[in-house]
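Participant: For the protein sequence lines, the chains are V and H, in the order given.
Residues 177 to 508 in the numbering used here are what the first sequence lists, from first letter to last.
Residues 1064 to 1136 in the numbering used here are what the second sequence lists, from first letter to last.
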Amino acid sequence: MSRTLIAEAGEQLLDRREQLTLDQLAALAEVPDTSIPSLTALAHEVRLAWCGPEVEVEGILSAKTGGCPEDCHFCSQSSRFETPVLATPFLDADEVLRAAEETARLGASEFCIVLAVRGPDERTMRRILELVPLVRDRVGINVAVSAGILTDDQARRFAEGGVHRYNHNLETARSYFPQIVTTHSFEERFETCRLVREHGMELCCGVLLGMGETPAQRIELIGQLREVEPAEVPVNFLNPRPGTPLGDRPLVEPLEALRWIALFRLGLPSVILRYAGGREVTLRELQALGLTSGINALIVGNYLTTLGRSPEADLQMLEDLRMPIGALSKVL
Amino acid sequence: MGSETDLPGGVSPPAEGAFCCWCGRSAGSCDGAACRRALDPPRFCPVCGRRLRVLVTPSGMTASCGEHGPLAE
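1) For the segment 466-497 of chain V, enumerate the residues whose C-beta is nearer than 8 angstroms to any C-beta of chain H, in chain order.
2) For a quick check, are the C-beta atoms of E232 of chain V and G502 of chain V less than 9 angstroms apart?
3) Compare the C-alpha of Y342 of chain V against each of V:G316, V:V409, V:L483 and name the closest.
4) Residues of chain H with CB closer than 7 angstroms to the CB of A275 of chain V, please, in chain order.
5) As a quick exercise: from V:A452, V:Q400, V:G376, V:I304, pick the residue whose alpha carbon is nearest that of V351 of chain V.
6) Is DSSP giving M177 of chain V helix, strand or coil here?
7) Under 8 angstroms, CB to CB, which of the residues in the segment 1101-1135 of chain H have a partner in chain V?
8) Around the C-beta of R192 of chain V, are 16 or more other C-beta atoms found within 10 angstroms, so that it is buried, or is it exposed?
9) Buried or exposed for L291 of chain V, going by 16 or more other Cβ atoms inside 10 Å?
10) Quick one: complete beta strand (DSSP E) runs, 3+ long, within the segment 214-272 of chain V?
11) Looking at the C-beta of C1086 of chain H, does it have a partner C-beta in chain V at a distance below 9 angstroms?
12) Between which two residues does the alpha helix (DSSP H) containing G466 of chain V stretch?
13) Spatial neighbours of S178 of chain V within its chain, please: C-beta separation below 6 angstroms, excluding the five flanking residues on both sides.
14) Per DSSP, what are the beta-bridge partners of Y342 of chain V in this structure?
15) On the DSSP bridge list, what partners appear for N472 of chain V?
16) Three-state secondary structure (DSSP) at L1134 of chain H?
17) Using beta carbons (cut-off 9 angstroms, strictly below), is E456 of chain V in contact with chain H?
18) Helix, strand or coil for V1117 of chain H per DSSP?
19) Within this structure, are the beta carbons of W278 of chain V and S1122 of chain H separated by less than 9 angstroms?
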């Protein structure tokens, strides 16, 4: 049964280049563990056929840490929870430039400036709009921004100001979102995603798996991602943060993580599917397998408030897998 | 759980002090190795227990206390 399901999915995605339905994905989500290698092999083949062999490398920087008024239950930067993260103000331009230069030296083509805010106020808008051309022109790297919920005018100004890609995660399915965030709605996030695309920026729209959502809700999330049409989907796995409401949740099991990487690739065949936070603690020694299960991008080095494995280890992994580093755009 | 000597980014673990740099409790009232989560930077000053200003960048990190200055790298 599983073999037939996987073979039919392969024929549809590779021979006819048609998307799978959500019902097909739900059926594939139930294949037994023994079929996961077949599922991931198909996802890898789909990634190569739809996106090519290149892997996009990105560095990220928390340019304004902590003190966020929102209550995202997974986040150590919320001011609503007692966490060890000390709020720090917007970094100065030199600190941001140094981090961008570090990122470029690692072979990355994208540098994302991230701020822990509900949305940018006017002062923050101006600072970001000063930084974006400065980083792009001095360092020669694409600049992405993540600064929360945007108005129509703010999205327009970012697009005109040279923001290449804007990150705004859906995180989880609409039906589960109220369990994770109560200070803003799924619809507000959805609307910002829409504005990003409407104004011509590439949309980076990520997910966070392992917060207690069901497999059906993960499939629902794939459907909602299809609606916002992201260029890139970062796949995060919950790394439970002390002091947050999700601080005691268990990690996603490694084999389950690979299953869902493959399913996100099969459900979103053309996107840049990026390894993001939590992969080290979730997959441990199996990290290379994600890159043969549909992943075609990664965040290199450290994250916003936690450390990653060494950039050298990741670059060696790509070399060992004979996966060239390149800048990717969505393949339509 | 990582060992006390494998902090990424070339950062040495903080010297033993009066407070646990991972959870902020008084030294001896916690198991420093057990309360550290993998891939977390130090968050509390080992001298005074205050939360540290931590700057994490793609290939490194710094941590400093408002009272006692930067942790040694």
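Every residue, glycine too, gets a C-beta built ideally from N, C-alpha and C.
Facilitator: In brief:
1) V476, G477, N478, Y479, L480, T481, T482, L483, G484, R485, S486, P487
2) Here the question's residue 232 of chain V lines up with position 56 in the first sequence. Here the question's residue 502 of chain V lines up with position 326 in the first sequence. Yes, these two residues count as a Cβ contact at 9 angstroms.
3) Translated into positions along the first sequence, residue 342 of chain V becomes position 166. Comparing Cα-Cα distances from Y342 of chain V to each of V:G316, V:V409, V:L483, the minimum goes to V:V409.
4) Within the first sequence, the letter at position 99 stands for residue 275 of chain V. In chain order: T1120, P1121.
5) What you label residue 351 of chain V is simply residue 175 of the first sequence in a count that begins at 1. Before going on, a small fix: residue 351 of chain V reads as Ser here, not Val. Nearest of V:A452, V:Q400, V:G376, V:I304 to S351 of chain V, Cα basis: V:Q400.
6) Locating residue 177 of chain V in the first sequence gives position 1, counting from the first residue. M177 of chain V: coil per DSSP, three-state reduction.
7) A1101, L1102, D1103, P1104, R1106, F1107, R1114, L1115, R1116, V1117, L1118, V1119, T1120, P1121, S1122, G1123, M1124
8) For the purposes of this step, residue 192 of chain V is taken as the residue at position 16 of the first sequence. When all chains shown are included, R192 of chain V counts as exposed.
9) The residue labelled residue 291 of chain V in the question sits at position 115 within the first sequence. Buried, because 16 or more other Cβ atoms sit within 10 Å of the Cβ of L291 of chain V.
10) 232-240
11) Here residue 1086 of chain H corresponds to residue number 23 of the second sequence, with the count starting at 1. Yes, its Cβ sits closer than 9 angstroms to a Cβ of chain V.
12) Counted from its first residue, the first sequence places residue 466 of chain V at position 290. 463-466 is the span of the alpha helix (DSSP H), which, as asked, contains G466 of chain V.
13) Stepping through the first sequence from its first residue, residue 178 of chain V is reached at position 2. V207, S211, listed in sequence order.
14) Counting from one through the first sequence, the residue named residue 342 of chain V turns up at place 166. V:V321, V:L379.
15) Residue 472 of chain V sits at position 296 when you count from the first residue of the first sequence. Answer is none; N472 of chain V lacks a bridge partner.
16) Residue numbering aside, residue 1134 of chain H sits at position 71 when the second sequence is read from its first letter. DSSP places L1134 of chain H in coil when its eight states are reduced to three.
17) Here residue 456 of chain V is taken as the residue at index 280 of the first sequence, counted from 1. Yes, because at least one Cβ of chain H sits closer than 9 angstroms to the Cβ of E456 of chain V.
18) As a first step, residue 1117 of chain H must be located in the second sequence, where it is residue number 54. V1117 of chain H falls in the strand class under three-state DSSP.
19) Looking up residue 278 of chain V in the first sequence gives position 102. Looking up residue 1122 of chain H in the second sequence gives position 59. Correcting the residue identity first, residue 278 of chain V is Glu in this sequence and not Trp. Yes, they are a contact pair.
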